[in-house]
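What follows is a short report on a single structure.
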Amino acid sequence: MSGASESPKPFRLQPLVTPENEHYWQGGARGELCFLRCGDCSHYVHPPAPLCPECLSRELAPEAVSGRARVHTFTVNHQPWIPGFDPPYVVAIVEIAEQSSLRLMTNLVNCEIDEVHIGLEVQACFEDIGDGTFLPLFEPRR
Ligand SMILES: [Zn+2]
């Protein structure tokens, strides 16, 4: 059993929220995973940047995606490196459904370790880490 719901909240480094990235860190308040998207070529841009790397447009605006993703690769950590993170836990790189080049390093939660595999379909969920900031995590799509 993961026991995630009974465990104390794991220690997380508080991200530096700026006007450029607040859509990403605060979208979880609405249950939305948000990225900047180019208004000219529709490319999603992450991490946030002032220019679209594809077409150099400055017409970037936050837009919510579905939150669907798939596991690109993952590792299982068996060492108690961080207080409150009870091993084993899964660190994964997931590909966002809307754009496979859009990848996030994240934790997989609400799942058994044995269940995790490359290609696993996952869905964004959010951990409230205070100050209106939400950490995007992923859980298997049920
Ligand atoms: Zn563009």
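Positions 45 to 186 (the working numbering) are the ones given, in order, by the sequence shown.
Each residue gets a CB set at the ideal place from its N, CA and C atoms; glycine is no exception.
- With respect to residue 88, residue 143 sits close: the two C-beta atoms are nearer than 8 Å.
- Under the DSSP definition of a beta bridge, residue 138 partners with 115, 148.
- Listed by position in the chain, the residues whose beta carbon lies within less than 5 Å of some heavy atom of ligand 1 are 82, 84, 85, 87, 96, 98, 99, 101.
- Your pair residue 80 and residue 63 does not check out as a contact, with CB atoms roughly 12 Å apart and the cut at 8 Å.
- If you draw a straight line from the Cα of residue 122 to the Cα of residue 132, it is about 5 Å long.
- Separation of residue 183 and residue 100 (C-alpha to C-alpha, rounded to the nearest whole angstrom) is 34 Å.
- Counting other Cβ atoms within 10 Å of its Cβ, residue 136 reaches 16 or more and is therefore classed as buried.
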